[in-house]
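In order, the protein sequences belong to chains S and H. Everything in the first sequence is counted per this note's numbering, starting at 80 for the first residue and increasing by one. Everything in the second sequence is counted per this note's numbering, starting at 128 for the first residue and increasing by one. Quick reminder that beta carbons are idealized off the backbone N, C-alpha and C, glycines included. Predicted, not measured: the structure shown is a model, and the values here were computed from it. Accompanying notes for the structure given below.
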Amino acid sequence: MDCSHVFEFKVKRLIVVFTLFLAFFSVTPAAFAQVDTAQVTEGSHAQPAAEKKFDIGKFALHHIADSHSWHVIGHTYIDLPVILYTKAGVVNFSSADFTTLEDGKVVRDDEAKVVVEQKGQRFVKMHEKIYYASDVANEHGQFVTLDEKHHATNARPLDLSMTKNVVTLFLSIIIILAVFLSVAKGYRTNKGKSPKGIQSWMEPIILFVRDDIAIPNLGHKYERFMPYLLTVFFFIWFNNMLGLVPFLPGGANLTGNIAVTMILALATFCLTVFNGNKYYWKHIFMPDVPWWMYVVMVPVELFGIFTKPIALMIRLFANITAGHILVLSLICLVFVFNSLYIAPISIAFAVFIGGIELLVAFIQAFIFTILSALFIGMAIDDHH
Amino acid sequence: MELLLPEFGLVIFQSIAFLLLMFLLAKFAWKPILAAIKEREKSIDEALSKAELAKQEMARLTSQNEELMKSARAERDLILKEAKTLKDSIINEAKTSAQTEGAKLIEKAKIEIENSKKAALAELKHQVSSLSLDIAERVLRNQLQDKATQQDLVANLLKDVELN
């Protein structure tokens with residue numbers, strides 16, 4: 080466990096070094112790039128040059144965010160269904176409705192300019208979020224009211240859409256189930272024999288979770304928590320890997336989404352709280368310190384119950400999101416420099432970071448699982 | 128900052144999906160897999176301990192065999208030794224008996240020879256005496272043909288008797 084922390088630290092340091100390296104490059108040429116792009120686009124569109132400049136941050140954030148349609152390649156999109164729970168009940172339509180035809184070309188709207196009417200209600204989509212549309216458009220033709228930070232302030236319906244992340248979630252579950260049901264089948268057919276095929280791929284990892292994560296932290300009571308630890312480990316690992324695949328069926332940033340990591344951390348939190356024995360609660364409410372220290376200790380310990388799962392949530396989210404941003408930024412170097420000659424360098428770095436990301440995918444799954452096991456182990460420990 | 132705000136829809140779907148996944152995997156994957164692994168580990172442990180026992184049994188048997196071999200060898204040596212002494216004694220006995228028998232035969236032969244010699248000598252004496260008597264008779268017959276000589280002889284003989 081100690082080694083893993085060191086390792087995580089090393090990987091993070093590498094990421095930091097490369098981010099700094101990237102920052103060094105991206106600051107200075109940005110100005111040139113801006114000029115170049117402005118010159119190129121001046122004639123074709125009447126839009127101001129400042130709007131057309133390549134914004135690496137916006138690009139990366141757009142790619143790691145959730146989306147109502149799945150970009151396949153070029154102008155090809157898979158439009159996913161929109162399901163809303165509104166004041167007038169459930170509303171259901173295709174995200175393809177948020178498009179207009181301009182000069183015979185389909186233009187996809189993400190700036191609240193296209194209004195969809197369903198069941199007497201009007202919806203717009205802005206930055207992949209669905210709002211109740213305003214009655215009249217603002218000066219930019221958007222049917223939303225914006226605050227000073229250009230965020231829409233309109234009310235939102237309850238969005239239960241099949242977004243890219245939701246579809247990926249179901250897809251990953253199908254993949255995980257397919258893999259492990261076939262592994263389980265392998266144990267039935269090769270009963271008492273050595274593992275074969277996919278079974279021999281997964282058995283060392285299952286044993287790793289059992290022998291190096293569960294047993295050292297949970298002791299003899301490990302068997303009760305094995306299903307959770309194994310599920311959380313493989314869910315995170317498979318989705319981390321799936322997130323690294325840049326095309327279908329990958330490409331979604333599921334484990335880098337705070338909602339997903341929040342639910343995973345919440346599961347660990349619930350297991351810790353509901354399995355905590357009297358020693359655990361005594362340690363929190365009546366620690367072995369002089370009574371007048373309780374004023375400080377009890378709030379700190381109580382706070383600690385919540386900070387542990389929150390740290391789990393943030394760690395996984397931040398590591399995976401950072402990795403995605405890094406790879407995207409490296410690829411974007413080509414557009415920042417506005418030169419094809421930079422492509423070999425940016426691809427070389429992207430491949431290198433991609434290799435590290437493969438490692439991070441495993442390490443983050445490992446860390447989330449081992450820390451979950453550690454927190455549960457602290458809660459169920461008999462001897463204090 | 129938008130990245131840090133969980134979307135309600137995904138929260139709902141993730142909760143349902145994760146719980147469902149855990150339930151399905153726990154029931155249909157983890158339970159049989161972990162049970163099978165545990166069973167196999169148990170059987171491997173058992174096989175190992177059995178092998179250890181077999182090894183000990185083997186060692187015991189080997190040492191026993193060695194002991195048997197040792198005693199058998201000792202017995203063989205003993206038997207060989209006995210046979211050798213027996214052989215020696217038989218040879219010795221045969222030798223002594225042959226010697227005594229030989230000595231006896233020689234003794235017998237000697238006596239026989241002695242007897243034969245004695246008989247031969249007696250025969251010889253007898254023949255010599257008869258022959259000399261014969262000769263003496265013939266000589267006397269020859270010499271006593273005239274009277275003077277006979278008187279001489281009788282006188283000589285009487286002379287000798289007187290001397291004695």
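Hey, does Phe249 (chain S) have any beta-carbon neighbour from chain H nearer than 8 Å? Numbered from 1 along the first sequence, position 170 holds the residue referred to as residue 249 (chain S). For Phe249 (chain S), the answer is yes, since a Cβ of chain H falls inside 8 Å of its Cβ.
> Would you report the Cα separation of Lys211 (chain H) and Gln226 (chain H), rounded to the nearest angstrom?
Replying inline: Start at 1 with the first residue of the second sequence, and residue 211 (chain H) comes out as number 84. Start at 1 with the first residue of the second sequence, and residue 226 (chain H) comes out as number 99. Those two C-alpha atoms are separated by around 22 Å.
Can you tell me whether Leu248 (chain H) is buried or exposed? The criterion is at least 16 other CB atoms within 10 Å of its CB, across all chains shown. As a working mapping, residue 248 (chain H) is identified with position 121 in the second sequence. Counting Cβ neighbours within 10 Å, Leu248 (chain H) comes out exposed, since fewer than 16 surround it.
Q.
Please tell me whether Leu256 (chain S) and Leu151 (chain H) are closer than 8 Å, where the distance is taken between their beta carbons.
A. Looking up residue 256 (chain S) in the first sequence gives position 177. Looking up residue 151 (chain H) in the second sequence gives position 24. Contact: yes.
### Message
Along the chain, where does the alpha helix (DSSP H) containing Gln141 (chain H) start, and where does it finish?
### Response
Locating residue 141 (chain H) in the second sequence gives position 14, where the first residue counts as 1. Segment 135-152, the alpha helix (DSSP H) holding Gln141 (chain H).
Q. Near Phe222 (chain S), what residues of its chain come up, given a Cβ to Cβ distance below 6 Å and the 5 sequence neighbours on each side ignored?
A. To locate residue 222 (chain S), count along the first sequence from 1; it is residue 143. Only Ala191, Val194, Val203, Ala212, Ser213, Ala216 meet the Cβ criterion.
Exercise. Quick one: complete beta strand (DSSP E) runs, 3+ long, within the segment 139-199 of chain S?
Worked result: 148-152, 155-158, 160-165, 168-173, 178-181, 184-187, 195-197
Discussion item. 8 Å is my cut-off, CB to CB: does Glu173 (chain H) come that close to chain S?
Written reply: Along the second sequence, read from residue 1 onward, the residue named residue 173 (chain H) stands at position 46. Not an interface residue.
To which residues does DSSP link Val203 (chain S) through a beta bridge?
Locating residue 203 (chain S) in the first sequence gives position 124, where the first residue counts as 1. BP columns for Val203 (chain S) point to S:Tyr210.
- Helix, strand or coil for Ala427 (chain S), going by three-state DSSP, please let me know. Residue numbering aside, residue 427 (chain S) sits at position 348 when the first sequence is read from its first letter. Looking at Ala427 (chain S) - three-state DSSP - the assignment turns out to be helix.
Lys208 (chain S) beta carbon less than 8 Å from that of Ser146 (chain S): Translated into the one-based positions of the first sequence, residue 146 (chain S) becomes position 67. Translated into the one-based positions of the first sequence, residue 208 (chain S) becomes position 129. No, the pair does not count as a contact, with Cβ atoms beyond the cut-off.
Return no unless some Cβ of chain H is closer than 8 Å to the Cβ of Asn319 (chain S). In the first sequence, counting from the first residue as 1, residue 319 (chain S) sits at position 240. Closer than 8 Å: no.
Contact check, Val288 (chain S) vs Phe312 (chain S), beta carbons under 8 Å
Counting from one through the first sequence, the residue named residue 288 (chain S) turns up at place 209. Counting from one through the first sequence, the residue named residue 312 (chain S) turns up at place 233. In this structure, Phe312 (chain S) lies closer than 8 Å to Val288 (chain S) by Cβ.
* Would you mind sorting Pro378 (chain S) into buried or exposed? The rule is 16 or more other CB atoms within 10 Å of its CB. => If you number the first sequence from 1, residue 378 (chain S) lands on position 299. Pro378 (chain S) comes out exposed.
By how many angstroms is the C-alpha of Phe177 (chain S) removed from the C-alpha of Pro133 (chain H)?
Indexing the second sequence from 1 puts residue 133 (chain H) at position 6. Indexing the first sequence from 1 puts residue 177 (chain S) at position 98. In a straight line, the C-alpha of Pro133 (chain H) is about 23 Å away from that of Phe177 (chain S).
*asked:* Can you tell me whether Ala112 (chain S) is helix, strand or coil according to DSSP?
replied: Against the first sequence, residue 112 (chain S) aligns to sequence position 33. Residue confidence is low: Ala112 (chain S) scores 38 on pLDDT, short of 50, so the model does not pin down where it sits. Its coordinate-derived value is still stated next. Reduced to three states, the DSSP call for Ala112 (chain S) is helix.
Determine the chain H residues that contact Phe431 (chain S) at a beta-carbon separation under 9 Å, and present them in chain order.
In the first sequence, counting from the first residue as 1, residue 431 (chain S) sits at position 352. Within 9 Å Cβ-Cβ: nothing; Phe431 (chain S) doesn't reach chain H, min ~25 Å.
Quiz item: Looking at the unbroken alpha helix (DSSP H) that takes in Arg235 (chain S), where does it start and where does it end?
Solution: Locating residue 235 (chain S) in the first sequence gives position 156, where the first residue counts as 1. Here Arg235 (chain S) belongs to no alpha helix (DSSP H), and DSSP marks it neither H nor E.
Can you tell me which of the three DSSP states Leu407 (chain S) falls into?
-> In the first sequence, residue 407 (chain S) corresponds to position 328, counting from 1. Helix, per DSSP.
I'd like to know if Ile255 (chain S) contacts chain H, where contact means its C-beta is closer than 8 Å to some C-beta of that chain. Residue mapping note: residue 255 (chain S) aligns to position 176 of the first sequence, counting from 1. For Ile255 (chain S), the answer is yes, since a Cβ of chain H falls inside 8 Å of its Cβ.
In angstroms, rounded to a whole number, what distance separates the CA positions of Gly199 (chain S) and Leu237 (chain S)?
Translated into the one-based positions of the first sequence, residue 199 (chain S) becomes position 120. Translated into the one-based positions of the first sequence, residue 237 (chain S) becomes position 158. Near 17 Å, if we compare the C-alpha coordinates of Leu237 (chain S) and Gly199 (chain S).
Please compile the residues from chain S whose C-beta is within a distance smaller than 7 Å of the C-beta of Ser142 (chain H). Within the second sequence, the letter at position 15 stands for residue 142 (chain H). Neighbours of Ser142 (chain H) on chain S, chain order: Ile342.
Worksheet item: So, is the C-beta of Leu131 (chain H) closer than 8 Å to a C-beta in chain S?
Response: Taking the second sequence and counting its residues from 1, the one referred to as residue 131 (chain H) is at position 4. Closer than 8 Å to some Cβ of chain S, the Cβ of Leu131 (chain H) qualifies, so yes.
Margin query: Closer than 8 Å is the cut-off here; do at least three beta carbon pairs connect the segment 278-286 of chain S with the segment 361-378 of chain S?
Written below: no
Q) Looking at the C-beta of Val245 (chain S), does it have a partner C-beta in chain H at a distance below 8 Å? A) Counting from 1 along the first sequence, the entry for residue 245 (chain S) is found at position 166. With 8 Å as the cut-off, Val245 (chain S) counts as an interface residue toward chain H.
Please tell me whether Gly433 (chain S) and Val413 (chain S) are closer than 8 Å, where the distance is taken between their beta carbons. If you number the first sequence from 1, residue 433 (chain S) lands on position 354. If you number the first sequence from 1, residue 413 (chain S) lands on position 334. Contact check for Gly433 (chain S) against Val413 (chain S) fails: the beta carbons are separated by 8 Å or more.
**Study point:** Residues of the segment 258-283 of chain S whose Cβ lies closer than 8 Å to any Cβ of chain H, in chain order
**Key:** Phe259, Leu260, Val262, Ala263, Tyr266, Arg267, Lys270, Gly271, Glu282
Please list the partners that Ser240 (chain S) has in chain H, where partner means a Cβ-to-Cβ separation under 9 Å.
-> Within the first sequence, numbered from 1, the residue matching residue 240 (chain S) stands at position 161. Within 9 Å Cβ-Cβ: Gly136.
- When the distance is taken between beta carbons, is Leu248 (chain S) closer than 8 Å to Phe140 (chain H)? Sequence index remark: in the second sequence, residue 140 (chain H) carries index 13 (1-based). Sequence index remark: in the first sequence, residue 248 (chain S) carries index 169 (1-based). With contacts defined by Cβ atoms closer than 8 Å, Phe140 (chain H) and Leu248 (chain S) form a contacting pair.
- request: Using DSSP bridges, identify the partner residues of Leu225 (chain S).
  value: As a first step, residue 225 (chain S) must be located in the first sequence, where it is residue number 146. In the DSSP output, where bridge partners are listed per residue, Leu225 (chain S) has S:Ala231.
*Per DSSP, what kind of secondary structure is Ala216 (chain S) in: helix, strand or coil?*
On the first sequence, position 137 is the one that residue 216 (chain S) refers to. In this structure, Ala216 (chain S) counts as coil in the three-state DSSP scheme.
| field | Local conformation of Val324 (chain S) per DSSP, three classes | value | The residue you call residue 324 (chain S) lines up with position 245 of the first sequence. Three-state result, Val324 (chain S): coil.
Open item on the list: Taking only three categories from DSSP, how would you classify Pro283 (chain S)?
Closed with: The residue you call residue 283 (chain S) lines up with position 204 of the first sequence. Of the three classes helix, strand and coil, the one that applies to Pro283 (chain S) here is helix, per DSSP.
For Ala338 (chain S), which residues in chain H fall below 7 Å Cβ to Cβ?
Taking the first residue of the first sequence as position 1, residue 338 (chain S) is located at position 259. Going along chain H in sequence order, the residues near Ala338 (chain S) (Cβ under 7 Å) are Pro133, Glu134, Leu137, Val138, Gln141.
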